[in-house]
Amino acid sequence: MQPDTMRTTPLESFPPPDKWDDWQELDAKAWPRRVKKNYALVPTICFNCEAACGLITYVDKETQEIRKVEGNPYHPGSRGRNCAKGPATVNQVQDPERILYPMKRVGPRGSGRFERVSWDEVLDTLAARIRKAIVEDRKTEVMYHVGRPGHDGYVERVLQAWGVDGHNSHTNVCSAAARLGYTLWSGYDRPSPDYENAKFTLLISAHLETGHYFNPHAQRIIEAKMNGGKLAACDVRLSNTASMADYWLATRPGTEAMMLLGFAHVILRDDLVDWDFVRTWVNWRDYQRAKGREEEFTAFQRGLREDYAFATPAHAASITGLDAATIEQVGREIGEAGSRFASHVWRNAAAGNEGGWAVARNLQFVSVLVGAVASVGGTAGSGTNKFVPSPFKKPRPQEAWSELLYPNEWPLSHHELSFCLPHLVKSGRGKIDTWFGRVYNPVWTNPDGAMWIDMFEDPDAVGCHVMLTPTWNETSRWADFVLPMGHATERHDLMSQETHAATWIGFRQPVHRVLAERQGRDFEWTYEVNPGEVWEEDEFWIALSWKIDPDGALGIREQFESPYRPGERITIDEYYRWIFENSVPGLPEAAAAEGQTPLEYMRRHGCFLVKDQVYKTHEHELPPGDYAVDPDLGVVHKDGEVLGVYDGERCMQGFHTPSKKLELYSPTMADWGWPEHAAPTYLESHVDESKLDRENGEMALVPTFRLPTLIHTRSANSKWLSELSNTNPVWIHPEDARRVGVEMGELIRVTTRTGYYVNAVWVTEGVRPGVVACSHHMGRWTVKGDQVSGNHWQLHDVDLRKVSETAYLMRRTKPVDSFASDDEDSDKVWWSSGGVHQNMTFPAQPDPISGMHCWHQVVTVSKAEPGDRYGDVYVDIGKSMAVFEEWQARTRPAAEHGKDGLRRPLHLKRVCRPTEDMFKL
Ligand code: SF4
17 MQPDTMRTTP
27 LESFPPPDKW
37 DDWQELDAKA
47 WPRRVKKNYA
57 LVPTICFNCE
67 AACGLITYVD
77 KETQEIRKVE
87 GNPYHPGSRG
97 RNCAKGPATV
107 NQVQDPERIL
117 YPMKRVGPRG
127 SGRFERVSWD
137 EVLDTLAARI
147 RKAIVEDRKT
157 EVMYHVGRPG
167 HDGYVERVLQ
177 AWGVDGHNSH
187 TNVCSAAARL
197 GYTLWSGYDR
207 PSPDYENAKF
217 TLLISAHLET
227 GHYFNPHAQR
237 IIEAKMNGGK
247 LAACDVRLSN
257 TASMADYWLA
267 TRPGTEAMML
277 LGFAHVILRD
287 DLVDWDFVRT
297 WVNWRDYQRA
307 KGREEEFTAF
317 QRGLREDYAF
327 ATPAHAASIT
337 GLDAATIEQV
347 GREIGEAGSR
357 FASHVWRNAA
367 AGNEGGWAVA
377 RNLQFVSVLV
387 GAVASVGGTA
397 GSGTNKFVPS
407 PFKKPRPQEA
417 WSELLYPNEW
427 PLSHHELSFC
437 LPHLVKSGRG
447 KIDTWFGRVY
457 NPVWTNPDGA
467 MWIDMFEDPD
477 AVGCHVMLTP
487 TWNETSRWAD
497 FVLPMGHATE
507 RHDLMSQETH
517 AATWIGFRQP
527 VHRVLAERQG
537 RDFEWTYEVN
547 PGEVWEEDEF
557 WIALSWKIDP
567 DGALGIREQF
577 ESPYRPGERI
587 TIDEYYRWIF
597 ENSVPGLPEA
607 AAAEGQTPLE
617 YMRRHGCFLV
627 KDQVYKTHEH
637 ELPPGDYAVD
647 PDLGVVHKDG
657 EVLGVYDGER
667 CMQGFHTPSK
677 KLELYSPTMA
687 DWGWPEHAAP
697 TYLESHVDES
707 KLDRENGEMA
717 LVPTFRLPTL
727 IHTRSANSKW
737 LSELSNTNPV
747 WIHPEDARRV
757 GVEMGELIRV
767 TTRTGYYVNA
777 VWVTEGVRPG
787 VVACSHHMGR
797 WTVKGDQVSG
807 NHWQLHDVDL
817 RKVSETAYLM
827 RRTKPVDSFA
837 SDDEDSDKVW
847 WSSGGVHQNM
857 TFPAQPDPIS
867 GMHCWHQVVT
877 VSKAEPGDRY
887 GDVYVDIGKS
897 MAVFEEWQAR
907 TRPAAEHGKD
917 GLRRPLHLKR
927 VCRPTEDMFK
937 L
C-alpha cells in the first residue's frame, strides 16, 4: 500500500511496499522458459550523482544476489524515473575488478603495488597518526577531501568532533561560482526551480537536465513543456537539453551574463517588472544610497531603468553573438511569464569563466525583476526545498583556520580553494599529515593533475594518503591505504535535495545488512555482511574516532557514544534511529500508523515526504518578540540588527542576507574590495573574443559538459555505461574544421598554456563557430604494469613518464579491449576507446572572487603532428605555478581589502565553520 505521506501516482505494474518481503517474477534471462524467481525488495538511494533518486534493489532470495536495481516510484523526488546511472548500480556491485578488501601500499609511493590488510591495522595506524596531530595541536594537518558527498553533514560533525579544520571539497571545480552569485542575492547558494508549474524556463546548465543535477528536474521540465510551457537553453553546444528547447541560445563563451542583462533591459524598458514585489523584497534603498540618489521608490524605478539602458538587445547581441531579435523575444516572454519564470545555472558558463559568478547573479536579477522568487512556477532558494535533520549531538566549532582551505586572498570564495591544494602547499602555506580522499580522484578530475602527483610523491607535503573509494581510480596509485567503501546498496547516508517545491529525506542503506537484520543474523559492522570487506564511511568514522580517543580524554569519544546506552559506542542503527525519532516532523506519526518504529519505516520505504507545496518561505511570519518595526524602511529590527521584513501588515522572516531582503546592491561585495561589482554586472571572461589571437589559431575550449550517461570516475566500473558512452571527441564547427584542415574523426592537437592532448574531432553544426568543446568525463587510464588496477571496461593502459624535470608524457599502450574476468560480458567488449584525458593539460585558474576554477581554456587547435597518437597527453608543471600566481595576483586579499580585520564575512557560509575568533586575521 502506498503511504499517504507520499505524493505520487502508483504504477500498477510495480510491486507495492507490502509485497516487498516476497515478490515473485519470471526470470527474464530464462525466457522462453517460465522460471519463477522470488525476490526481497529493499529500497535505497542512488549514489551516482547528488540528486539522491530512490532505488529499489531486487535480491534473489535463493542466492542472496542483487539481480537488478530499479527506480522507486514512491520516492517524492524521482518518482521512479531514473537516468541510466541508477540501474547501472548493479554493474558497480558486480564489477569483477572492484576493490573488496582494504589495501596497504608496498614499495615506494606511486609504485602501484598494494597488499591486503585488516581493518584493525588500518584503524590502529590512522588513529595513532591523527591522535598525535591533535595532541600536538597540528589541527590543520588532518584533511578530508570529498568528491561525491552523498550525505548531509555527517562527516562535518566528525571533523568538528576531532577539532580539526580539515574539510575540503570538490566544489570549486564544480559550482562555487554559481553559489556565490546566488548567495549575494539571498543567502541561499543554489536555485530550486518549480519547473513543473513554469510558463517559461531558462537553463544555463551543462549537466543539469542532461543527467547530472538532476534527473528529477529533467522530468518536471518536460512535464511543463507538455503543458505548453516554453524552454530556452543557453549553451554553446546543442546539448540534449538544447535539442528539446524552443530557443537554443549559443552565446560566445563568457558573455552569458550580458545576455541576461539584455533580458533585464527588455523587462525594465517594457515595464514587465513586478514592482510590488521589488518594493517589499529588494534592498532598493541601499542601491539608491550607493548611487547617491534619493531614497524614493519612483526615483529608484527611474534610476534602475537608466542604469541598464545600455544593455539594449542590439548591444547585448554585439557582445554575445546572438541576434538582437532573439534577445528581444526571449526577454519579453520571460517578462510575460512573470512569477512563473523558472531558471537555473549550474556549472556551464558559471564554472567556465572568470567572473562566472555574475551569470548566476544576473540570472537571479531577471527572476527578481519579474517576481519569480519562491513563487509557483518560479525559483526558490535551495535551502527552502531541502530538509537536513539534526543529529543527537553537535560538537563545538573548531579553534583553527587552515590557510590551505580558505586563503587570505579569496575572502569571498564560496568553498575551499580545493583544486589549488598542491599550489598552496608548494607556496609554503602548510603541509598535511593525513589526507583522506573520499570518492575523489583529483589526479584525473582536477585541472593540473600532475601537480597532484607531484604533491603526493613528496612525503613532506603529505605524510599519509588514504583513499576511501568504491572503485579503483588514478589517484589511488599514489595512496598509502586504499580502503573500499560501498556503492549505493552497501552504505548508509541520509540525503535530501531540492528537486521540486517540497521537502523530503532519502535513506541510503546497505541492502545485505537490512536483509541480515530481517533474518536475525548476528554481526557488528556492515563490512561483515557487505561483499568482501567493503565498508561504509559512517561506521568507519565511528570506529576511527573511538580509537583516536579510547578513554575520552580528548573530548572526542563523547560525540560517538550512544544516546540510548550512555558511555557505550554508538551503533549506526542508533545514530539514525535518534534522527528519525526526534528530528523529522511527521515521521514518527507516519511510522506509528503502519505499526512501525521510525527507523523501521525508513528501512522499509527508504524515503519520507516531510512537506509538500513549499512556496514563499520568506513570507513566514516571525514569532511575536521583543523587536520593533520601521514602516519607512520596511524592516523588523532589534538592537541595530535587522531581523526581518515588514510590509505594512506582517513581520516576516525574509531572506538570509544581512538586510533580510534580496540584495540588488551587495554591501558584501562593496565592503570586501569589489565595489564596482556590487550590483548585477558584466565582466569580460578570460576567454573573451578580445583576448583570443585568432590569427594564430586560438579558440575557446569549453570542457564543462558531460554525457548524461556518465558519472565521474565511477562510470568506468559499469559495463552498461561504458558501452553507452566511450568516446569524447572534440566538437568542432565545419567552418573551423575546414580552416584547421581536418575531417570527421581525424586527429587534432589541442594546446593549452601548460600542455596538449591529442583527440579526434567530431565535425558538427551543433557547436558555435570559433569554439571547440570536449566532455571532461572520459579518458580514464591506468599505468601499465601496476599490480593493482581495475575498471577495464573503460580504462586504457598507459605509459606515464617524465620527459624532463617537470614535464610528463602519457601515451596509450593498449586500447580498451575484451578482458578475462568472472563476468562473461568482459569477453564481449567491442569498443576500443575510453575517450581522451584532458584535465591534466589545464592549469589551475582560480577566479579572483569566487575561487572557482575557470574551466574554459584559451587553446590553439592544430592538426596532429607527425608522431602524435590518439590519447597523447603532455604537460609541463614547470609552468603551473606561474599561471596560478597570475590569477592569484588579481585577487583582493582580506588583509588589505576586507572589513573589521576578518578573514571572511561572518554571514557567508563556510563548511565546518570554526569559532568566530578564528575569523579574525
Ligand atoms: S539522476 Fe541518475 S545518477 Fe543522479 S541520483 Fe538520479 S538516477 Fe542516480
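Numbering of the sequence shown is given in this note's numbering, commencing with residue 17 and proceeding in unit increments. Here a beta-carbon is modelled for each residue, glycine too, at the ideal position from N, C-alpha and C. These figures come from a predicted structure and were not determined experimentally.
For this session: Tell me whether Tyr580 is buried or exposed, calling it buried when 16 or more other Cβ atoms sit within 10 Å of its Cβ.
Result: exposed
Exercise. Taking Leu288 as the reference, which of Val138, Ile350, Leu254, Trp557 has the closest Cα?
Worked result: Ile350
For this session: Please list, in chain order, all residues with a C-beta atom less than 5 angstroms from at least one heavy atom of the ligand SF4.
Result: Cys62, Asn64, Cys65, Ala67, Cys69, Asn98, Cys99, Lys101, Gly102, Asn231
For this session: To the nearest angstrom, report how far apart Ala911 and Phe935 are at their CA atoms.
Result: 12 angstroms
Problem set entry | Member of Ser391, Cys250, Val298, Lys155 whose CA lies at the smallest distance from the CA of Asn212 | Sequence inspection shows Glu at residue 212; the Asn mentioned does not correspond to that position. Nearest C-alpha to Glu212: Ser391.
Exercise. Where Val550 and Leu499 are concerned, what is the direct C-alpha to C-alpha distance, given to the nearest angstrom?
Worked result: 8 angstroms
Exercise. Quick one, are the C-beta atoms of Phe858 and Pro614 less than 8 angstroms apart?
Worked result: no
Problem set entry | Segment limits, beta strand (DSSP E) that includes Thr997 | Nothing about residue 997 can be reported from this structure: the residues present for the chain run from 17 to 937 only.
Exercise. Going by DSSP, what residues sit across from Pro862 in a beta bridge?
Worked result: His869
For this session: Compute the Euclidean distance between the alpha carbons of Glu932 and Thr907, then round it to the nearest angstrom.
Result: 24 angstroms
Problem set entry | DSSP-derived helix/strand/coil call for Arg926 | coil
Exercise. Near Ala192, which residues of its chain fall below 7 angstroms by C-beta distance, leaving aside the five closest residues on each side in sequence?
Worked result: Ser429, His430, His431, Ser866, Gly867, Met868
Exercise. What's the call for His793, buried or exposed, on a 16-neighbour Cβ count within 10 Å?
Worked result: buried
Problem set entry | Which listed residue (His808, Trp736, Glu553) has its alpha carbon closest to that of Val455 | Glu553
For this session: At 3 residues or longer, and completely inside the stretch 143 to 205: list those beta strand (DSSP E) runs for me, N to C.
Result: 158 to 162, 183 to 185
Exercise. Quick one: does Lys925 have its CB under 8 angstroms from some CB of chain D?
Worked result: Of the protein chains in the structure, only one exists, and it is not chain D.
Exercise. Would you report the Cα separation of Ile764 and Leu811, rounded to the nearest angstrom?
Worked result: 21 angstroms
Exercise. Taking the alpha-carbon positions, what's the Ile469 to Lys101 distance?
Worked result: 30 angstroms
Problem set entry | Beta-carbon proximity list for Thr729, same chain, < 6 angstroms, skipping 5 on both sides | Asn457, Asn489
Problem set entry | DSSP three-state assignment for Asp628, whether helix, strand or coil | strand
Problem set entry | Per-residue DSSP class, three states only, for Ile283 | helix
Exercise. Counting Cβ pairs, one atom from each stretch, are 3 or more of them under 8 angstroms apart for the stretch 779 to 788 and the stretch 818 to 825?
Worked result: no
Problem set entry | Straight-line gap, Leu247 to Thr217 (C-alpha atoms, nearest Å) | 5 angstroms
Problem set entry | Thr314 classed as buried or exposed, judged by whether at least 16 other C-beta atoms fall within 10 angstroms | exposed
Problem set entry | For Phe316, the three-state DSSP class (helix, strand or coil) | helix
For this session: Taking 8 angstroms as the threshold, find out whether the stretch 667 to 674 comes into contact with the stretch 700 to 719 through three or more Cβ pairs.
Result: no
For this session: Evaluate contact between the stretch 54 to 66 and the stretch 101 to 115, counting only Cβ atoms and requiring at least three cross-stretch pairs below 8 angstroms.
Result: yes
Exercise. What separation, rounded to the nearest whole angstrom, lies between the Cα atoms of His923 and Gly278?
Worked result: 31 angstroms
For this session: On a CA-only basis, which of Ala44, Cys69, Ala46, Leu116 is nearest Val545? Give me that one, please.
Result: Leu116
Problem set entry | Among Arg49, Val58, Trp47, nearest to Pro33 - alpha-carbon criterion | Val58
Exercise. Which first and last residues belong to the beta strand (DSSP E) in which Tyr303 is found?
Worked result: No beta strand (DSSP E) contains Tyr303, which is instead part of the alpha helix (DSSP H) from 300 to 307.
Problem set entry | CB contact flag (Gly689, Gln414, <8 angstroms) | no
Exercise. With DSSP run on the structure shown, which of helix, strand or coil describes Phe835?
Worked result: coil
Problem set entry | Inter-stretch contact (C-beta, 8 angstroms, three-pair minimum) for the stretch 349 to 365 and the stretch 193 to 213 | yes
Exercise. Which residues in the same chain have their Cβ closer than 7 angstroms to the Cβ of Asp76, if we skip the five residues on either side of it in sequence?
Worked result: Lys53, Tyr55, Arg83
Exercise. Who are the Cβ neighbours of Val799 in its own chain at under 7 angstroms, not counting the five residues just before and after it?
Worked result: Gly128, Arg493, Val814, Leu816
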